[in-house]
Amino acid sequence: MRADRQEQDLKFTRRALIMSGLGGLAFIGLGARLYSLQMLEGERYRLLSEDNQFNFDLLPPSRGRILDRFGVAVADNRDSYRVLLVPEQAGDVGAALDRLSRFMPMSDADREQVLRAVRRQSRYRPVTVADDLDWQTFSAINLNAPDLGGVRPDVGEVRSYPYGAAFAHVIGYVQTANEDDIAASPREEEGLLLHPGFRVGKTGVEVSRERDLRGAAGALKTEVNARGRVIRELPEQSTAPQPGRDVVLTLDADIQRYAHERLGQESASAVVIDVNTGELIALVSTPSFDPNLFVGGISSSDYAALRANDHNPLFHKSIMGTYPPGSTFKAVVAAAALEHGLVDPNETIFCNGSTMLGRREFHCWRRRGHGRVNLHEAVKTSCDIFFYEMADRLGIDRLHDMAVRFGVGEQFDIGISGVRSGNMPNPAWLRARSNEPWTTGHTYNVGIGQGAVLMSPLQLAVMTARVASGRAVEPTLYRNALARPAPHIGVSEPALARVRAGLRGVVEEPGGTSYSLGGLGIEGVAMAGKTGTAQVYSITAEERASGVRDQDDLPWRLRDHGLFMCYAPADDPKYAVVVVVEHGGGSSAATRPARDILRRVVARDPSSRAGVFADLAGNDRRGGA
53 MRADRQEQDL
63 KFTRRALIMS
73 GLGGLAFIGL
83 GARLYSLQML
93 EGERYRLLSE
103 DNQFNFDLLP
113 PSRGRILDRF
123 GVAVADNRDS
133 YRVLLVPEQA
143 GDVGAALDRL
153 SRFMPMSDAD
163 REQVLRAVRR
173 QSRYRPVTVA
183 DDLDWQTFSA
193 INLNAPDLGG
203 VRPDVGEVRS
213 YPYGAAFAHV
223 IGYVQTANED
233 DIAASPREEE
243 GLLLHPGFRV
253 GKTGVEVSRE
263 RDLRGAAGAL
273 KTEVNARGRV
283 IRELPEQSTA
293 PQPGRDVVLT
303 LDADIQRYAH
313 ERLGQESASA
323 VVIDVNTGEL
333 IALVSTPSFD
343 PNLFVGGISS
353 SDYAALRAND
363 HNPLFHKSIM
373 GTYPPGSTFK
383 AVVAAAALEH
393 GLVDPNETIF
403 CNGSTMLGRR
413 EFHCWRRRGH
423 GRVNLHEAVK
433 TSCDIFFYEM
443 ADRLGIDRLH
453 DMAVRFGVGE
463 QFDIGISGVR
473 SGNMPNPAWL
483 RARSNEPWTT
493 GHTYNVGIGQ
503 GAVLMSPLQL
513 AVMTARVASG
523 RAVEPTLYRN
533 ALARPAPHIG
543 VSEPALARVR
553 AGLRGVVEEP
563 GGTSYSLGGL
573 GIEGVAMAGK
583 TGTAQVYSIT
593 AEERASGVRD
603 QDDLPWRLRD
613 HGLFMCYAPA
623 DDPKYAVVVV
633 VEHGGGSSAA
643 TRPARDILRR
653 VVARDPSSRA
663 GVFADLAGND
673 RRGGA
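What follows is the structure, given as structure tokens:
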């Protein structure tokens with residue numbers, strides 16, 4: 053028994069030693085691991101722990117403003133109260149929206165939009181639930197925020213367009229970035245573009261100057277608890293966002309707004325240009341739309357109404373619309389005939405109302421004719437027969453060359469997209485389109501601004517400016533302190549002087565096609581101008597027999613376009629105005645709006661007698677145009 057007991061004690065001792073050894077080894081391993089974690093890898097795990105404790109919230113920059121020539125903001129930013137939802141912190145998103153709906157009305161469509169946004173992106177990214185909340189709703193949500201897990205009340209900025217529809221086509225608008233916007237931007241800016249409060253330019257200046265206006269994002273460091281709720285902000289360890297740069301336009305907000313109001317709901321456009329510098333003072337298209345509707349997302353019904361409007365409010369007519377210039381083009385034909393010595397200023401041509409070319413009869417707009425007219429009288433009364441003859445003498449090649457000098461058919465880069473080039477036809481152009489040979493009949497049509505001649509209101513304004521100044525001015529939309537004088541157009545001053553005298557006669561002399569206007573209406577300041585009618589539809593003999601006598605008897609879409617170009621002062625030109633009224637029934641629809649706009653521009657010029665006509669410029673006198 054004693055031997056057995058000793059053997060058992062020996063076994064116990066061996067086992068104790070083995071267990072003690074194993075325990076010692078485990079202790080040594082645990083100590084080594086603790087040493088490794090605390091001493092060797094302590095910094096790594098400290099950083100990982102800090103990542104769990106601190107967040108960096110992206111701070112979107114303030115978008116740069118868009119200013120008129122006097123520093124008046126035509127695109128600005130304003131505070132906006134909104135509610136964001138962070139899905140990762142909210143848990144059940146549907147339940148979170150149910151809790152939120154107690155303090156904020158939410159339609160089924162709004163709810164579905166939030167759920168779609170949650171499904172499309174990371175659960176860590178905040179989603180906008182509602183924007184532009186009133187203060188009462190916003191404060192109620194703030195007060196109950198501790199019970200609304202994942203809901204984050206926020207104050208951001210939203211784009212604001214104080215002049216509304218008046219600047220819509222030029223400035224454009226901003227909207228939430230889509231996939232194409234993200235793909236076109238640098239990779240490091242993806243987070244900014246996905247931020248729920250960030251918007252990017254979609255049209256007009258907003259998209260053309262996006263890089264200048266956008267700015268650079270910052271980051272706010274925040275301390276959070278285990279549930280992700282913010283405990284405190286750490287601004288001293290944060291990076292401030294860099295605001296976008298302001299963009300200054302050549303436009304005058306007062307003139308732009310007035311021109312927009314003057315045209316009303318006509319399907320029309322107006323361009324105002326400085327004839328010496330090419331600076332655009334107004335660029336208007338009517339009817340228009342309110343760009344503020346697009347910032348937060350326009351409703352489908354509002355957008356459908358804009359699309360259904362037959363006056364095309366979404367179409368920027370002043371740069372994208374192209375029309376036959378009609379009789380306004382006769383200024384170019386007269387300049388060409390004089391420059392090439394093909395007409396003596398005193399020479400007269402008889403107009404009996406029509407002329408024959410082979411078997412085809414070409415009519416003058418005045419069916420009973422003008423009698424004998426020289427160049428001055430022909431410009432003043434807009435005699436078609438005289439300009440058929442001038443076009444025939446010139447031939448299409450010389451006529452084409454002169455038109456190009458005046459900017460016809462040129463595509464001007466003014467810093468926004470959509471500018472059309474129009475068309476100045478010649479035999480090469482016709483051959484490229486068909487096998488039809490160029491004929492004298494084509495030249496006749498070109499001579500009175502019809503046929504295939506097409507010009508935008510912007511091009512027509514440039515043509516007017518070049519007639520008035522004699523210089524090849526280029527239109528510009530952005531202020532440039534380093535602008536240089538434009539080169540001479542290459543037409544002699546005597547030729548231009550005679551054309552200008554004829555244009556002055558249009559308005560200032562009895563018999564002129566716009567003499568009934570009564571001039572500019574500012575004492576001591578004369579104006580010059582030229583009417584134009586672009587034919588849309590020719591009334592047939594059968595229609596005349598059935599009682600269709602004139603434009604008023606036709607449906608709106610078949611009526612002629614009305615055009616008027618003018619500038620002032622006539623003896624020292626500074627500003628030109630062009631108005632085009634689609635389907636206005638003739639030039640009379642454009643003459644008075646153009647005259648009124650030009651009068652307001654001259655009244656705002658500091659070198660004019662503007663003090664006498666303060667009522668024309670309004671109470672807000674910020675300087676000259």
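Take the sequence shown: its position 175, counting from 1, is numbered 227 in the working numbering, and each next residue is one higher. All C-beta atoms in this analysis are idealised placements derived from N, C-alpha and C, irrespective of residue type, glycine included.
With 16 other CB atoms within 10 Å as the buried threshold, where does residue i fall?
| i | result |
| --- | --- |
| Thr592 | exposed |
| Leu195 | exposed |
| Asp396 | exposed |
| Gly330 | buried |
| Arg359 | exposed |
| Glu262 | buried |
| Trp417 | buried |
| Arg121 | buried |
| Leu82 | exposed |
| His415 | exposed |
| Asp306 | buried |
| Pro658 | exposed |
| Asn497 | buried |
| Gln603 | buried |
| Arg483 | exposed |
| Ser351 | exposed |
| Asp465 | exposed |
| Asp648 | buried |
With a CB to CB cut of under 7 angstroms and the five nearest residues on each side skipped, what residues in its chain are close to residue i?
| i | result |
| --- | --- |
| Gly493 | Leu409 and Arg412 |
| Gly201 | Gln141, Ala142, Gly143 and Ala148 |
| Thr380 | Gly501, Leu512, Lys582, Gly584, Leu615 and Met617 |
| Gly637 | Gln603, Asp604, Arg611, Asp612 and Gly614 |
Helix, strand or coil, according to DSSP, for residue i in the structure here?
| i | result |
| --- | --- |
| Met408 | strand |
| Val460 | coil |
| Glu488 | coil |
| Gly614 | strand |
| Ser153 | coil |
| Asp657 | coil |
| Ala302 | The question names Ala, but residue 302 is Thr in the sequence shown. Thr302 falls in the coil class under three-state DSSP. |
| Ser352 | helix |
| Arg14 | Nothing about residue 14 can be reported from this structure: the residues present for the chain run from 53 to 677 only. |
| Phe414 | strand |
| Leu335 | strand |
| Pro205 | strand |
Once you ignore the five residues that flank residue i on each side, which residues in its own chain have a CB closer than 6 angstroms to its CB?
| i | result |
| --- | --- |
| Ala218 | Gln308, Arg309 and His312 |
| Pro537 | none |
| Val181 | Val135, Leu137 and Val166 |
| Gly378 | Gly501, Gly584, Thr585, Ala586 and Leu615 |
| Ile6 | This structure cannot settle anything about residue 6, because the visible part of the chain is limited to 53 through 677. |
By Cβ distance, which residues of its chain are closer than 8 angstroms to residue i, with the 5 residues on each side in sequence left out?
| i | result |
| --- | --- |
| Ala646 | Ala322, Gly581, Phe616, Met617, Cys618, Val629, Val630 and Val631 |
| Glu242 | Ile234 |
| Val600 | Ile591 and Leu606 |
| Arg424 | Thr400, Ile401, Phe402 and Cys403 |
| Gly522 | His540, Ile541, Val543, Glu545 and Leu548 |
Out of the options, state which residue places its alpha-carbon closest to the alpha-carbon of residue i.
| i | options | result |
| --- | --- | --- |
| Leu562 | Thr643, Leu606, Pro377 and Thr433 | Looking at the sequence shown, residue 562 is not Leu but Pro. Closest by alpha carbon: Thr433. |
| Ala229 | Leu185, Gly459, Thr338 and Ala169 | Ala169 |
| Gly570 | Asn475, Glu560 and Thr291 | Glu560 |
| Thr291 | Leu272, Val226, Tyr213 and Asp298 | Leu272 |
| Gly447 | Gly499, Pro293 and Arg263 | Gly499 |
| Gly554 | Met579, Pro527, Cys403 and Thr255 | Met579 |
| Gly249 | Glu488, Phe439 and Gly349 | Gly349 |
| Val456 | Gly470, Asn475, Tyr440 and Gly467 | Asn475 |
| Asp206 | Gly503, Gln294, Leu185 and Pro198 | Leu185 |
| Phe155 | Gly503, Phe190, Ile466 and Arg163 | Phe190 |
| Glu258 | Val126, Asp444, Arg556 and Arg420 | Val126 |
| Arg445 | Phe458, Ala388, Ile118 and Gly467 | Ala388 |
| Gly224 | Glu164, Gly470 and Phe458 | Gly470 |
| Pro625 | Thr516, His613 and Ile468 | Thr516 |
Since I believe residue j is in contact with residue i (beta carbons under 8 angstroms), could you give me their beta-carbon distance rounded to a whole number of angstroms?
| i | j | result |
| --- | --- | --- |
| Val347 | Arg251 | 7 angstroms |
| Val226 | Leu303 | The pair is not a contact, with the Cβ atoms about 19 angstroms apart (cut-off 8 angstroms). |
| Leu572 | Leu650 | 7 angstroms |
| Asn478 | His452 | 4 angstroms |
| Gly557 | Val385 | Not confirmed; about 16 angstroms, so no contact. |
Would you say residue i lies against chain C (beta-carbon separation less than 9 angstroms)?
| i | result |
| --- | --- |
| Arg644 | This model lacks chain C altogether; it includes just one protein chain. |
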